[in-house]
Amino acid sequence: MKPKILFMGTPDFSIPALDLLVKNGYPVIGAVTQPEKPKGRGKKRAPTAVKLYAEAAGIPVYEPERVRSESFLETFRMLAPDMVVLVAFGQILPSEIINSPPLGCINLHPSLLPHLRGAAPIHWAIIRGEKKTGVTIIKMDEGVDSGDILLQEETEIDPLESFGELSVRLAAIGARMLIKSVGQVVDGIARPISQDSSAATYAPRLSQEMGHIDWRQSSKEIVNLIRGLSPSPGAFTFLRDKKLKIYQALAGDQEASGEKEPGRVGRLFESGLQVMAGDGHVYLREIQLEGRKRMSVADFLRGNAISSEDVLE
Numbered sequence: 001m002k003p004k005i006l007f008m009g010t011p012d013f014s015i016p017a018l019d020l021l022v023k024n025g026y027p028v029i030g031a032v033t034q035p036e037k038p039k040g041r042g043k044k045r046a047p048t049a050v051k052l053y054a055e056a057a058g059i060p061v062y063e064p065e066r067v068r069s070e071s072f073l074e075t076f077r078m079l080a081p082d083m084v085v086l087v088a089f090g091q092i093l094p095s096e097i098i099n100s101p102p103l104g105c106i107n108l109h110p111s112l113l114p115h116l117r118g119a120a121p122i123h124w125a126i127i128r129g130e131k132k133t134g135v136t137i138i139k140m141d142e143g144v145d146s147g148d149i150l151l152q153e154e155t156e157i158d159p160l161e162s163f164g165e166l167s168v169r170l171a172a173i174g175a176r177m178l179i180k181s182v183g184q185v186v187d188g189i190a191r192p193i194s195q196d197s198s199a200a201t202y203a204p205r206l207s208q209e210m211g212h213i214d215w216r217q218s219s220k221e222i223v224n225l226i227r228g229l230s231p232s233p234g235a236f237t238f239l240r241d242k243k244l245k246i247y248q249a250l251a252g253d254q255e256a257s258g259e260k261e262p263g264r265v266g267r268l269f270e271s272g273l274q275v276m277a278g279d280g281h282v283y284l285r286e287i288q289l290e291g292r293k294r295m296s297v298a299d300f301l302r303g304n305a306i307s308s309e310d311v312l313e
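At position 160 of the sequence shown (counting the first as 1) the number is 160 in this note's numbering, and the numbers step up by one without a gap.
Here is the structure:
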């Protein structure tokens with residue numbers, strides 16, 4: 001008999017795992033997700049991806065402000081799940097949720113633990129210019145991503161891959177691994193391996209400010225930042241006091257001559273709009289000016305004049 005599973009997750013990244021649990025016949029007795037938050041210009045409250053999926057699948061939805069609250073813990077006790085599965089939920093769990101399910105609390109984490117523990121491992125893997133990453137399935141303990149490893153799989157990061165693109169790949173890989181891990185735990189054949197905490201590195205929560213591009217950095221550092229924050233929360237600069245988000249860019253191999261300051265705009269090439277960096281050039285390919293739609297830089301320049309007098313701040 002398959003175990004009763006309480007699923008906890010919030011964004012699109014969570015959906016492939018939840019979908020595979022449902023398609024493999026696991027009784028998902030509830031989906032716990034973050035409360036609806038205002039989005040867009042109208043600031044209308046929008047349901048999370050997990051809420052939308054769960055409602056369509058007939059799964060009861062729970063949206064606690066705090067999973068540590070006594071009111072939610074009473075609900076949790078009433079549900080009495082055999083196992084909790086967590087995929088990008090967004091809140092720290094209390095010990096009762098982690099320790100009381102007979103089959104434990106299983107977490108899908110998109111990094112090669114103990115590397116990149118924390119809130120934003122996919123973003124930071126790209127921002128730091130890493131060549132590989134992966135997915136780890138752990139049996140949760142009360143630490144931050146420090147539980148015993150059940151399964152782990154590595155994948156290379158393509159040099160042009162963005163956060164959004166890598167997230168989609170890792171979500172699919174992780175869903176497949178999660179189903180395998182859940183089956184092993186249920187069958188009693190899982191072989192947990194302790195993490196080496198002395199080798200741990202961290203991927204802290206992102207701030208809006210860290211997306212502000214410093215054009216004095218190297219072209220590779222700038223492009224990695226753009227890739228790592230695309231499409232959200234987005235790397236940005238300022239063009240004549242207006243915020244300019246950059247979603248796609250390439251690093252140039254030319255060396256800076258020292259005659260032009262970092263951030264100085266150059267010509268439009270096939271690679272994109274040239275901008276001076278600390279050691280060469282960055283070529284902007286896809287951008288969004290404040291108040292405008294996201295578009296290719298070529299389309300943008302058809303209706304917006306940029307000259308060599310412009311410096312991106």
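From the three backbone atoms N, C-alpha and C, an ideal C-beta is built for every residue, glycine too.
Assignment of beta-bridge partners to Y26 by DSSP yields no partner.
Apart from sequence neighbours up to five positions away, the residues of its chain that approach R45 with a beta-carbon distance below 8 Å are E36, K37, P38, K39, ordered along the chain. By the neighbour-count criterion, in which 16 or more other beta carbons inside 10 Å mark a residue as buried, G143 falls on the exposed side. Distances from the CA of M8 to each of A277, Q34, E209, N24 were compared; the closest alpha carbon is that of Q34. Here L284 is buried: its Cβ has 16 or more other Cβ atoms, across all protein chains shown, within 10 Å. Scanning M140, R128, V275, R292 for the CA closest to the CA of K242 turns up R292. For the pair V50 and T75, the CB atoms are not nearer than the 8 Å cut-off. With three or more CB-CB distances shorter than 8 Å, the stretch 121 to 139 counts as touching the stretch 192 to 205. Residue A80 holds the alpha-carbon nearest to the alpha-carbon of E96 among N107, A80, V311, H109.
In the structure shown, the three-state DSSP call for Q91 is coil.
Counting only the Cα atoms, S111 lies some 12 Å from E156. For I213, the secondary structure class from DSSP, reduced to helix, strand or coil, is coil. Spatial neighbours of Q91 in its own chain (CB-CB distance under 6 Å, excluding positions within 5 residues in sequence) are listed in chain order as V67. Three or more beta-carbon pairs separated by less than 8 Å are not found between the stretch 204 to 211 and the stretch 98 to 116, which leaves the two stretches without contact. In the three-state reduction of the DSSP assignment, S296 falls in the strand class, which pools E and B. With a minimum length of 3 residues, the unbroken runs of beta strand (DSSP E) contained wholly in the stretch 97 to 134 fall at 105 to 109.
In this chain, the alpha helix (DSSP H) harbouring R169 covers 163 to 187. Straight through space, the alpha carbons of Q274 and S308 are spaced by roughly 10 Å. Your pair F236 and I246 checks out as a contact, with CB atoms roughly 7 Å apart and the cut at 8 Å. Here the stretch 216 to 236 makes contact with the stretch 149 to 166; the two share three or more CB pairs at distances below 8 Å. Distance from S197 to P114 at the Cβ level is roughly 6 Å; contact confirmed, criterion being Cβ atoms closer than 8 Å.
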